[in-house]
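See below for the structure under consideration.
Chains as they are written, first to last, in the working numbering: chain A, 12 to 312; chain B, 47 to 366.
Structure below.
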């Protein structure tokens, strides 16, 4: 009886870990909570709408008579672009494409970054040196220009190529972060203990060290997702992202490079710009709340 | 100190070498060659073949690479296909425009970020601080091209406060006072846009620096000697955080180069960023190659600058 009571006390005083911390932080920070629900609903809504309710071939059909239809006229909720294509429909499909590419790039770069960073920090020595030289080199490349040049010289260019080219330069940041965190983690007792017990290196890295980085990785994942949305829409805006036949948020914004559209036809470019803006603010806000949750000194809750 | 600088410059050499290899490889993959610019319908194909042979384009690749590097070292970057003039003079002109805009932007960045950062740190958790933090969050999250377009739309087209493209109005005599004012007027909006985007890092760093400094011994000492709080901020704390802020200059330059592609395109400012986008669209490969190399070199210089300033500021990171 006495012991049971003591145990209860012990259990109650255990500091909250993992998802509980995140939940507590989000309960405390109403804007972060709202941003999270909003972004999730947005992504799910965009996917459902573009798969079940919109016929892409119908949307991308050129209807010259409907050229630059104003919002609210002829059933065009947000008006039409220079080829008479519905802006709202393009916005939804474009958002889906942009999100799809950003998620793919984030997944590829995170996996590559985690493996490279873990290997560098865990093995150290020559391997670490070589990887760090490569990372330093990538950090000083004019990335945007090289991405654009690569995209223009790829024959039979598809969205798949775009994902690969962006990923080629995206892993560096994650690898650096993971390496620096693993460096301090690898000196801990539990790692030495596992080593003495004969646990394989792979098991120590992925089952021992990696779970301890989960909170930092979630932050990194969120923020790099936001960054990748920015890169894809930016490239599409310049005309080097998704091919013109595939709607993208960036392509919609790029209609504004025509002064006539920018000055007089706000409905063509402004919704997509605001969409990008709101999405970036939301994702980044969630990322920052997660970062606070991951760092005990900055927590609100 | 000098040892560190020399070491750091020596590290740059292999980086430049690999960069040039990558660019050479990319250039090989691009269709066309330096003579594409000379081809007209009347050109005899055998004449082109002769020229190719003379220029060594049929040599083995390593030979071509060595020759290319030799040309580049002598400032010979070939001819532009669209502009029908030598790449070096074309880029020289554009580089001057970009340099002016960048200089102006950097001044604005620091003029905006230093007071905001210090004030936010000094009045931590007040309304002013929260506003500055919110501002730096938004400017961090917003993509360059979205902010540029919104600024251009609002201040350029709706309010007509600024011209919407170019470097100077037509018909203004060069050298007069109104000419210089007109040039600045054209640069203002792009520079402000860049400044708004570029302040985030400096503000956040300065803010946390000032907050940390408040509990440090040297500040307590100054306070107990009777130095007024205002002076502690301007003399003691600010001076201590000034040099690390200077180290941001390197990153700011790197950011400017990346941002120039968007900002110059949107504001119709004829600098290197706009030239790059146009050259890619018109497939002007000799210009593209040169610009990628120049941007790569400048990015390297930026990071070199940051590292050198950091090693002056913090002797612990010097390599011995």
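Glycine is no exception: its CB is placed at the ideal position from the N, C-alpha and C atoms.
query, result
"Residue 97 of chain A - DSSP class collapsed to helix/strand/coil", "strand"
"Residues near residue 214 of chain B by beta carbon distance below 8 Å, same chain, minus five either side", "225, 228, 229, 232"
"Sequence-distant residues of its chain with Cβ nearer than 8 Å to residue 174 of chain A (five each side left out)", "112, 115, 116, 119"
"Neighbour-count burial assignment, residue 92 of chain B, 16 or more Cβ in a 10 Å radius", "exposed"
"Cα-Cα separation between residue 94 of chain B and residue 124 of chain B, rounded to whole angstroms", "16 Å"
"Bounding residues of the alpha helix (DSSP H) (the contiguous stretch that carries residue 302 of chain A)", "277-305"
"Chain-ordered chain A contacts of residue 188 of chain B [CB-CB under 7 Å]", "288, 291"
"Through-space distance from residue 206 of chain B to residue 72 of chain B, alpha-carbon basis", "43 Å"
"Which of helix, strand or coil DSSP assigns to residue 192 of chain A", "helix"
"According to DSSP, residues forming a beta bridge with residue 125 of chain B", "B:132"
"Residue 21 of chain A, buried or exposed, once every other Cβ within 10 Å from all chains shown has been counted against 16", "Low local confidence applies: a pLDDT of 49 at residue 21 of chain A is under 50, so the model's placement there is unreliable, and no value is given."
"Run of the alpha helix (DSSP H) containing residue 292 of chain B, from where it starts to where it stops", "284-312"
"Bridge-paired residues (DSSP) for residue 91 of chain A", "A:97"
"Buried or exposed (CB count within 10 angstroms, at least 16 for buried), residue 107 of chain A", "buried"
"Three-state class that DSSP yields for residue 76 of chain B in the structure shown", "coil"
"Exposure label - residue 229 of chain A; buried when at least 16 CB within 10 Å", "buried"
"Of the residues B:128, B:134, B:222, the one placed nearest residue 367 of chain B, counting alpha carbons only", "No answer is possible for residue 367 of chain B: it lies beyond the span of chain B, which begins at 47 and ends at 366."
"Distance between residue 309 of chain B and residue 159 of chain A (C-alpha atoms, nearest Å)", "16 Å"
"Buried or exposed (CB count within 10 angstroms, at least 16 for buried), residue 200 of chain B", "exposed"
"CB contact below 8 Å: residue 181 of chain B versus chain A", "no"
"Collapsed DSSP secondary structure at residue 120 of chain B in the structure displayed", "coil"
"Where residue 40 of chain A sits in the DSSP three-state scheme", "coil"
"Per-residue contacts from residue 284 of chain A into chain B (C-beta, under 8 Å)", "192, 195, 196"
"Minimum C-alpha distance to residue 189 of chain A - residue among A:65, A:35, A:142", "A:142"
"For residue 324 of chain B, the first and last residue of its enclosing alpha helix (DSSP H)", "318-327"
"Given residue 242 of chain A as reference, the closest of B:258, B:64, B:281, B:190 once Cα atoms are compared", "B:190"
"Where residue 66 of chain A falls, given that 16 or more other Cβ within 10 Å makes a residue buried", "exposed"
"Below-8 Å beta-carbon distance, residue 341 of chain B vs any chain A residue", "yes"
"Top-ranked residue by Cα proximity to residue 168 of chain B, from B:250, B:151, B:242, B:355", "B:250"
"Collapsed DSSP secondary structure at residue 265 of chain B in the structure displayed", "helix"
"Contacts of residue 222 of chain A in chain B (Cβ-Cβ under 9 Å)", "Going along chain B, no residue has its Cβ under 9 Å from residue 222 of chain A, so there is no contact; the nearest lies around 29 Å."
"CA-to-CA distance, residue 280 of chain A to residue 248 of chain B, given in whole angstroms", "31 Å"
"Spatially closest choice to residue 62 of chain B from A:164, A:184, A:149, by CA coordinates", "A:149"
"Proximity test, Cβ basis, 8 Å: residue 304 of chain B and chain A", "yes"
"Contact set for residue 283 of chain B: own chain, Cβ-Cβ below 7 Å, skip 5 residues either direction", "256, 259, 265"
"C-beta neighbour in chain B for residue 228 of chain A, strict 8 Å", "no"
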